[in-house]
Amino acid sequence: MERPVLPILILIVCAASLSAPAVSQKSELKFTVPTGWIEEPRSSSMRVAQYKLPKAAGDAEDASLVLYYFGQGQGGSTAANVERWVGQMKQTDGSAAKDAKEERFETSGLKVTTVDVSGTYVAETAPGSGTFLNKPGYRLRAAIVETPNGSYYVKLVGPEKTIAQWNDSFLGYLKSFQIK
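Residue numbers for the sequence shown follow our numbering, beginning at 50 and rising by one.
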């Protein structure tokens, strides 16, 4: 005797609809990682991505790039972050950095603010540690990328020649950002 197919189909359809994954309405940041950048394990949950940019000939150290996301409405204003980053660089005599350049552009509808400053890198080794770096001949390139999900913060720091070597790929990286 044949069984009716309809009740079985109804059960299958119901079971399938119960197990279907939820669809997220939140978009994600997408970007292209430039050739030559070496992905590193993220050392914090606030870091979306972390890269080593190999040193230029004659430099003693590689550069480091970190992409941060703290959550919507978190991480501080653009102006506060630019001021903090500029404050992490000093002139050789210990005075404030004088050559900081701030620029703005849009990419894929996202507002991007960049800062470029050179000098002695004197950032704290870890937030609240009270211990500071002292790395002369460094350059800091950073950016705030404003998205509908909140701002992303990009910080690239390393010896001046190394940052100069990677500067075009840094700008290409920022210009590849899009929300999908």
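Think of the CB as a built atom: it goes at the ideal place given N, C-alpha and C, for glycine as much as any other residue. Source: prediction; values computed, not measured.
Rounded separation between residue i and residue j - CA only
i       : j       : result
Lys-160 : Phe-80  : 15 Å
Glu-132 : Ala-191 : 11 Å
Leu-102 : Gly-177 : 27 Å
Glu-209 : Glu-110 : 10 Å
Ser-157 : Glu-88  : 24 Å
Asn-198 : Gln-214 : 32 Å
Val-194 : Gln-121 : 12 Å
Val-203 : Gln-140 : 23 Å
Leu-220 : Ala-145 : 25 Å
Phe-181 : Ala-175 : 8 Å
Glu-155 : Thr-163 : 11 Å
Pro-37  : Gln-137 : Given that the chain is displayed from residue 50 to residue 229, the structure contains no residue 37 and the question cannot be resolved.
Gly-179 : Glu-173 : 7 Å
Leu-205 : Asn-130 : 14 Å
Residues near residue i in its chain [Cβ-Cβ closer than 6 Å; skip 5 each side]
i       : result
Ser-218 : Pro-83
Pro-185 : Thr-169
Classification of residue i by the beta-carbon crowding that lies within 10 angstroms, buried from 16 upward
i       : result
Gln-123 : exposed
Ser-230 : As displayed, the chain neither begins before 50 nor continues past 229, which places residue 230 out of reach and without an answer.
Gly-207 : buried
Ser-94  : exposed
Identity of the residues DSSP links to residue i by a beta bridge
i       : result
Lys-204 : Val-115 and Ala-191
Leu-165 : Checking the sequence shown, residue 165 turns out to be Asp, not Leu. According to DSSP, Asp-165 bridges with Lys-150 and Arg-190.
Contacting residues, own chain, Cβ-Cβ under 7 Å from residue i (five flanking each side not counted)
i       : result
Ser-225 : Phe-80 and Thr-81
Ala-128 : none
Ser-92  : Gln-99
Spatial neighbours of residue i in its chain, beta-carbon cut-off 8 Å, leaving aside the 5 residues before and after
i      : result
Leu-78 : Val-97, Tyr-118, Val-194, Thr-196, Asn-198, Tyr-201, Phe-226, Gln-227 and Ile-228
### Task
Give, in chain order, every unbroken run of the beta strand (DSSP E) that is at least 3 residues long and sits entirely within the region 168-202.
The region 168-202 contains, as complete beta strand (DSSP E) runs of 3+ residues, the segments 184-196 (chain order).
### Task
Quick one: which unbroken alpha helix (DSSP H) runs of 4-plus residues sit fully inside the region 79-147? Chain order, please.
Listed in chain order, the complete alpha helix (DSSP H) runs (minimum 4 residues) inside the region 79-147 are 127-136.
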